[in-house]
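Protein chains in written order, with the numbering used here: chain A, 86 to 281; chain B, 86 to 281.
The structure appears right after this line, and notes come after that.
Below, the structure written as structure tokens:
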């Protein structure tokens, strides 16, 4: 329980200061702990970052699995996955782009997180590819389109302000709808090639 | 001239190691300089990062200005801007997501870069908004859509591998086409509200 509170505090510091500048001292202060006490829970910034990233990926993977089992049409499934993705990133706990900075992890932890992240990305890509095969989506390069879609979703963590005018749910809805719409278009005038 | 070579070397280190882990020593080694010699050109990592970001924004702003003056239809203008944006990010010199990590800069430099970046984003947003007003694009929230589009473009710097199977130009083309397509769609079945 204490660990979760520390991760939340760390997320706020990562978001406010950027990953490079965030220090254990500041994370401790944000969590209301002495630095020594913080080290009792986490050995260092690497370990905190690893727990943040791992937790965020667990949330994303479980939302994806749940949606894939549902009986919605594929475009709606993809919208649901993207909405959950954005909400996870903008949530108080997972809400920091630091959760996507795998390069900042030491090699062993990085490999583990990358493997998990690749599993998630493949799942989304499979959803896009299945939609293309079934004619739900326009022919496209599912890998590139998946990266575009997830990139747009991930980038929200960089600009979203919890105190801003638009709540996270509106951002998530609008983004998911716009991105799925790009996949469903088939009548761009003067463009007979729809392959992206 | 030497400065430009150092920025290129720094970009490679930022891309390889992530911003947090990149050190002046490693940047010096990559540039073929002694650490002392590197400090002769740049006072520290902050200053290198600032020059990288400032230069990338100059490239983006000039591509935007040139495209806006052209006589192309608006969707094509937006595609051209996005293609130039991705190419700038994936270019050997500007090619690092570090160039987008304004939080890592000290306050004074950060304010300067953010102002320039906001100027660029407003320019792209104006292009989207003008397209909506003229009926070139579907009704949408131009601010949110612009952020989605630029987010997808920015994220390429995180996953693109120069040694990978797809050249930067193909990624730029595919991404720009997919993203502009999302703006032009008008016949999503069962969705009468096209506002995103």
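Just so it is clear, CB atoms sit at the ideal spot from N, CA and C, and this is done for glycine as well.
Here the structure is a predicted model, which is why all the values come from computation and not from measurement.
Just to make sure I have the definition right: I need the residues of chain A whose C-beta is within less than 7 Å of the C-beta of residue i. Which are they?
{"i": "residue 212 of chain B", "result": "Near residue 212 of chain B there are no residues of chain A at all, since even the closest Cβ is about 16 Å away, more than 7 Å."}
{"i": "residue 186 of chain B", "result": "103"}
Just tell me which of the options has its CA closest to the CA of residue i.
{"i": "residue 161 of chain B", "options": "B:206, B:255, B:216 and B:132", "result": "B:216"}
{"i": "residue 243 of chain A", "options": "A:195, A:123, A:165 and A:100", "result": "A:100"}
{"i": "residue 176 of chain A", "options": "A:158, A:104, A:150 and A:144", "result": "A:144"}
{"i": "residue 88 of chain A", "options": "A:172, A:166 and A:132", "result": "A:132"}
{"i": "residue 124 of chain B", "options": "B:141, B:207 and B:110", "result": "B:110"}
{"i": "residue 122 of chain A", "options": "A:170, A:158 and A:91", "result": "A:91"}
{"i": "residue 152 of chain A", "options": "A:267, A:208 and A:221", "result": "A:208"}
{"i": "residue 268 of chain A", "options": "A:247, A:239 and A:164", "result": "A:164"}
{"i": "residue 149 of chain A", "options": "A:168, A:135 and A:134", "result": "A:168"}
{"i": "residue 106 of chain B", "options": "A:154, A:106, A:155 and A:189", "result": "A:189"}
{"i": "residue 194 of chain A", "options": "A:135, A:120, A:119 and A:118", "result": "A:135"}
{"i": "residue 245 of chain A", "options": "B:203, B:232 and B:248", "result": "B:232"}
{"i": "residue 235 of chain A", "options": "A:248, A:213, A:247 and A:156", "result": "A:213"}
{"i": "residue 258 of chain B", "options": "B:218, B:166 and B:191", "result": "B:166"}
Whose C-beta lies closer than 7 Å to the C-beta of residue i among residues of the same chain, with five residues either side of it excluded?
{"i": "residue 237 of chain B", "result": "260 and 264"}
{"i": "residue 97 of chain A", "result": "115"}
{"i": "residue 186 of chain A", "result": "104"}
{"i": "residue 241 of chain A", "result": "171, 174, 175, 256 and 260"}
{"i": "residue 220 of chain A", "result": "none"}
{"i": "residue 94 of chain A", "result": "112, 115 and 116"}
{"i": "residue 191 of chain A", "result": "131"}
{"i": "residue 126 of chain B", "result": "87, 88 and 91"}
{"i": "residue 118 of chain B", "result": "none"}
What residues of chain B sit near residue i, judged by a beta carbon separation below 8 Å?
{"i": "residue 226 of chain A", "result": "259"}
{"i": "residue 165 of chain A", "result": "Going along chain B, no residue has its Cβ under 8 Å from residue 165 of chain A, so there is no contact; the nearest lies around 15 Å."}
Determine the burial state of residue i: buried for a count of at least 16 other Cβ atoms within 10 Å of its Cβ, exposed for fewer.
{"i": "residue 226 of chain B", "result": "buried"}
{"i": "residue 255 of chain A", "result": "exposed"}
{"i": "residue 128 of chain A", "result": "exposed"}
{"i": "residue 223 of chain A", "result": "buried"}
{"i": "residue 210 of chain B", "result": "buried"}
{"i": "residue 154 of chain A", "result": "exposed"}
{"i": "residue 196 of chain A", "result": "exposed"}
{"i": "residue 130 of chain A", "result": "buried"}
{"i": "residue 156 of chain B", "result": "exposed"}
{"i": "residue 218 of chain B", "result": "exposed"}
In the DSSP assignment, find the unbroken alpha helix (DSSP H) run with residue i in it and report its ends.
{"i": "residue 228 of chain A", "result": "227-244"}
{"i": "residue 125 of chain A", "result": "120-126"}
{"i": "residue 210 of chain B", "result": "192-219"}
{"i": "residue 160 of chain A", "result": "159-175"}
{"i": "residue 155 of chain A", "result": "It is not in any alpha helix (DSSP H) - residue 155 of chain A carries neither H nor E in the DSSP assignment."}
{"i": "residue 114 of chain B", "result": "109-116"}
{"i": "residue 98 of chain B", "result": "87-102"}
{"i": "residue 259 of chain A", "result": "253-269"}
Starting from the beta carbon of residue i, find every residue of chain A whose beta carbon is closer than 8 Å, and list them in chain order.
{"i": "residue 222 of chain B", "result": "Within chain A, no residue comes near residue 222 of chain B; the closest Cβ sits about 11 Å away, beyond 8 Å."}
Under 6 Å Cβ to Cβ from residue i, same chain only, skipping five residues before and after it: list those, please.
{"i": "residue 103 of chain B", "result": "none"}
{"i": "residue 239 of chain A", "result": "185"}
Could you confirm whether any beta carbon from chain D is found closer than 8 Å to the beta carbon of residue i?
{"i": "residue 127 of chain B", "result": "Among the chains of the structure shown, chain D does not appear; the protein chains present are A and B."}
Just the chain B side, please: which residues come within less than 9 Å of residue i by C-beta, in chain order?
{"i": "residue 229 of chain A", "result": "251, 255, 256, 259, 260 and 263"}
So, for residue i: in the same chain, excluding its five sequence neighbours on each side, which residues have a beta-carbon less than 8 Å away from its beta-carbon?
{"i": "residue 146 of chain B", "result": "201, 204, 205 and 208"}
{"i": "residue 158 of chain A", "result": "221"}
{"i": "residue 262 of chain A", "result": "164"}
{"i": "residue 120 of chain A", "result": "109, 110 and 113"}
{"i": "residue 248 of chain B", "result": "none"}
{"i": "residue 253 of chain A", "result": "171, 172, 175, 176, 245 and 247"}
What does residue i touch in chain B if you count any residue whose Cβ is under 7 Å from its own?
{"i": "residue 189 of chain A", "result": "103, 105 and 106"}
{"i": "residue 141 of chain A", "result": "Those do not exist, as residue 141 of chain A stays about 16 Å from chain B at its closest Cβ, beyond 7 Å."}
Closer than 9 Å by beta-carbon distance: list the chain A residues that pair up with residue i, in chain order.
{"i": "residue 241 of chain B", "result": "232, 233 and 236"}
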